[in-house]
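2 protein chains.
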Amino acid sequence: MRAGIIAIGDEVVSGDVIDTNTLYISRKLTISGYTVELRLQVPDQQESIIRALDYSLPRVDLLIITGGLGPTGDDITTCVVAEYLGFGCRQSEKGYMLLEGAEEIENDVGMIPGMLIRVDNSELLLMPGVPEEMRNIFDRFISRTSASSKPHLTFRTCGITERMLHEILSSVFQDLKGFHFYPSWRGVDLKIMPDNQEEIQNIRERVIEVIGDYVYAEEDIEIEEVVGEMMRREGFTISVAESCTGGLVESLITDVPGSSDYFMGGITAYSNDAKIKLLNVLPKNIKNYGAVSERVAEEMAQGVAKVFKTDIGISTTGIAGPTGGTPEKPVGLVYMGVHINGETIVERRVFRPPRGRVKIESSTYLLFMLYRRLKRK
Amino acid sequence: MRAGIIAIGDEVVSGDVIDTNTLYISRKLTISGYTVELRLQVPDQQESIIRALDYSLPRVDLLIITGGLGPTGDDITTCVVAEYLGFGCRQSEKGYMLLEGAEEIENDVGMIPGMLIRVDNSELLLMPGVPEEMRNIFDRFISRTSASSKPHLTFRTCGITERMLHEILSSVFQDLKGFHFYPSWRGVDLKIMPDNQEEIQNIRERVIEVIGDYVYAEEDIEIEEVVGEMMRREGFTISVAESCTGGLVESLITDVPGSSDYFMGGITAYSNDAKIKLLNVLPKNIKNYGAVSERVAEEMAQGVAKVFKTDIGISTTGIAGPTGGTPEKPVGLVYMGVHINGETIVERRVFRPPRGRVKIESSTYLLFMLYRRLKRK
């Protein structure tokens, strides 16, 4: 099955906005067994959209169109597509346009639904361009096509680079055909679509054998959901002490619905004063080892667990950058602590700038440390 | 001048690789005064490339092609383009293919040069797909073009919907041609590119007159950078007390390099216990008004400023969902407090689920409240 994607928007073609939609859709289509034959981005102009349809429609079985469905004057996608296909187009009560004859696909997080229509031998799906809304609709759509979905393996990893994964797996498998690597600041995801479906369990076992230490999930689920579920199962509570991650660890944990069952709270202590006063870090340890040190990370994790009376306390202290680095303590250096029921471990890692990347990578890695500790139990 | 971009590669269309080249090129073209008319990604297949050229070439003055120039068997771009245009194609000494008649543009960081050729009324530039090499060549190419940067207006807004903005502006301007709305969960950005450049100051003044209350910046800068700069200028320090936003406000503030100059820290108090013990919220107020109330938001903002000894304390308490809502206090309800030097204001707003959206919208709105307060001063 051949698929195409058209993203519509002046802000997309100009580069004002990063077109994350096309990437998201093409990955999901690939994983579901489609061959992506073309991806196209064009401005919000009638002629551009018509030519894009002329070019794309004859060449694909499924055409995904995003953007330009809103209620404002420059959002013309629905009516241009309707006219092109010979369907009607009318205004909904809420102001946006509806493609007549289309099946509506629910949008839980916004106003405008997805619209699915069959033309000749192709299916055409229109979705709004707001990424969260598009994903909500597209996930629902693609899960229905599961009949055609190609069985595959998913491994979500943390703490290892794409290059290392590639090297290790190359030494075990003859070739890496059907292996797809998706690196991000939160880790590397590996998806494997074997040609021979009977091999799938065998492949899974061999992968786990060599890279299992870095895998925290075999489905599309975030690390904060994984550790949240583990803590819920054990009846554990958690609190967080942050310095360089500045609240991000807490924010990730609280992204999970129901996290208030195990997350009691956190303290972001940017200043030394706050570390001492609120987290009971000893002044002499800051003086002797520095605020960015193994010892301070340890005391922060222990201190926050005491303040919030939780079973678990976790901590970060480091140098997010861009300034503040020294030869011994470079930008990107982070100490991360995990304290569970009396035992504390600290790891030291140097993450790669810029600042935002250091924050995300170290926050994710801390949650991965927690995962490993909870798994050992 | 109209421009188009074609990125060629199986790994690009499948989403295995993030196509940073297209984004880079489209931004530089836009800034240089080109109108990007289309961006296209297709696989390494002769037929796909030919159809892409058929579609693109007649519609642009400049066509940029990246990818598929390497010396390996699946890199067929150069010869397919040469044949399509009626030029020759020969192998270089180093193994890659050369388009005969093309002007070579130097590549400082790799082997394969850029190749520029004129066809009818269009220019066509071929570049390798390795991002560093592409950038090296493209920067050299674009610096030679004399096209000038197009003046435009930018307004970043918060606290108002795209629909409302549209309505207000429609009542003031005859039509909204050249007005572009970019909505996200953090607010709506407005970019205006007037046809008549002499009108630009007049348009700016009229826009500010009607929607100025919602504008926090007239350049591409985030609200946390704007308030950060304001606090730095005033010599103010800040701390944050969060409940439903779970650390996100702190994380946004600390995304800004140098924020440690004014951000002292924060307390995420998910439990009532933590609100009482760490933020000095009065138990009777939680009992009488509930943890999600104006009174508690007020005490949280005051309490955190006292704990961290900061000039400013800001707070959130609300119901992020998906559960926990009641008819009087629905999911999405958030009270936000801003306390500056003895004066505290609290706003009540109901944001739209899901959870992630409530967190982002309320965190951003709180920073916008702070912006308004600091501006008044």
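Chain order of the listed sequences is A and B. Add 1047 to a position in the first sequence, counting from 1, and you land on the number used in this note's numbering. Add 1047 to a position in the second sequence, counting from 1, and you land on the number used in this note's numbering. Here a beta-carbon is modelled for each residue, glycine too, at the ideal position from N, C-alpha and C.
Within the segment 1103 to 1185 of chain A, complete beta strand (DSSP E) segments of at least 3 residues are found at 1109 to 1113, 1136 to 1138, 1144 to 1146, 1150 to 1152, 1161 to 1166 and 1169 to 1174, given in chain order. Judged by DSSP secondary structure, residue 1349 of chain A falls within the alpha helix (DSSP H) whose first and last residues are 1341 to 1355. Beta-bridge annotation (DSSP): residue 1396 of chain B is paired with B:1381.
Within chain B, the residues 1367, 1368, 1369, 1370, 1401 and 1402 have their CB atoms less than 9 Å from the CB of residue 1304 of chain A, given in chain order.
Counted as a single uninterrupted DSSP element, the alpha helix (DSSP H) harbouring residue 1213 of chain A occupies residues 1209 to 1217. Residues of the segment 1132 to 1149 of chain A with a C-beta less than 8 Å from any C-beta of chain B: 1142, listed in chain order. Closest by C-alpha distance to residue 1070 of chain A, out of A:1280, A:1323 and A:1229, is A:1229. Judged by DSSP secondary structure, residue 1313 of chain B falls within the beta strand (DSSP E) whose first and last residues are 1310 to 1316. Approximately 20 Å separates the beta-carbon atoms of residue 1152 of chain B and residue 1127 of chain B; this is outside 8 Å, ruling out the contact. Contact check between the segment 1280 to 1292 of chain A and the segment 1345 to 1363 of chain B: fewer than three CB pairs, one atom from each, fall below 8 Å, which does not count as touching. Under the 7 Å criterion on CB atoms, residue 1352 of chain B is classed as non-interfacial with respect to chain A.
Chain order gives the chain A residues near residue 1073 of chain B as 1060, 1061 and 1062, where near means a beta carbon separation below 8 Å. Measuring C-alpha to C-alpha distances from residue 1177 of chain A to each of A:1166, A:1187, A:1156 and A:1165 identifies A:1156 as the nearest. If you draw a straight line from the Cα of residue 1171 of chain A to the Cα of residue 1160 of chain A, it comes to about 14 Å. By the 16-neighbour rule on beta-carbons within 10 angstroms, residue 1088 of chain B is buried. Separation of the CB atoms of residue 1109 of chain B and residue 1169 of chain B is rounded to 7 Å, and the pair is thereby assigned contact status at 8 Å. A distance below 7 Å separates the beta carbons of residue 1381 of chain A and residue 1396 of chain A.
At a cut-off of 7 Å between C-beta atoms, residue 1113 of chain B does not count as an interface residue with respect to chain A.
In the DSSP assignment, residue 1088 of chain A falls within the unbroken beta strand (DSSP E) covering 1082 to 1089. Minimum Cα-Cα distance from residue 1249 of chain B among the listed residues B:1273, B:1402, B:1086 and B:1219 corresponds to B:1219. Around residue 1155 of chain A, the beta-carbon contacts reaching into chain B at under 9 Å are 1400 and 1401.
Inter-residue distance for residue 1326 of chain A and residue 1313 of chain B is about 12 Å (C-alpha atoms, whole angstroms). Considered as a whole, the segment 1232 to 1320 of chain A harbours 1247 to 1258, 1270 to 1281 and 1295 to 1301 as its complete alpha helix (DSSP H) runs of no fewer than 4 residues, in chain order. The beta carbon of residue 1055 of chain B sits no closer than 7 Å to any beta carbon of chain A. Residues of chain A with a Cβ closer than 7 Å to the Cβ of residue 1311 of chain B are, in chain order, 1317, 1318 and 1321. Take residue 1199 of chain B, set aside five residues on each side of it, and the residues of its chain with a beta-carbon closer than 7 Å to its own are 1238, 1239 and 1240, in chain order. Classified as buried, residue 1340 of chain B has 16 or more neighbouring CB atoms from the shown chains inside 10 Å of its CB. Using a Cβ-Cβ cut-off of 7 Å, residue 1102 of chain A counts as an interface residue toward chain B, since at least one Cβ of chain B sits closer than that to its own.
What residue 1263 of chain B touches in chain A, judged by beta-carbon distance under 7 Å, is nothing: the nearest beta carbon there is about 18 Å away. Residues of the segment 1211 to 1232 of chain B whose Cβ lies closer than 9 Å to any Cβ of chain A, in chain order: 1212, 1213, 1217, 1222, 1223, 1224, 1226, 1227, 1228, 1229, 1230, 1231 and 1232. According to the DSSP assignment, residue 1363 of chain B belongs to the beta strand (DSSP E) that extends over 1359 to 1365. Ranked by how close their Cα comes to the Cα of residue 1345 of chain A, the residues A:1391, A:1367, A:1334 and A:1329 have A:1391 in first place. Closer than 7 Å to the CB of residue 1298 of chain A there is at least one CB belonging to chain B. Contact annotation for residue 1095 of chain B against chain A: 1084 and 1085 [CB-CB distance below 8 Å, chain order].
Sequence-distant Cβ neighbours of residue 1227 of chain A in its own chain, meaning closer than 6 Å and more than five residues away, are 1238. In the three-state reduction of the DSSP assignment, residue 1390 of chain A falls in the strand class, which pools E and B.
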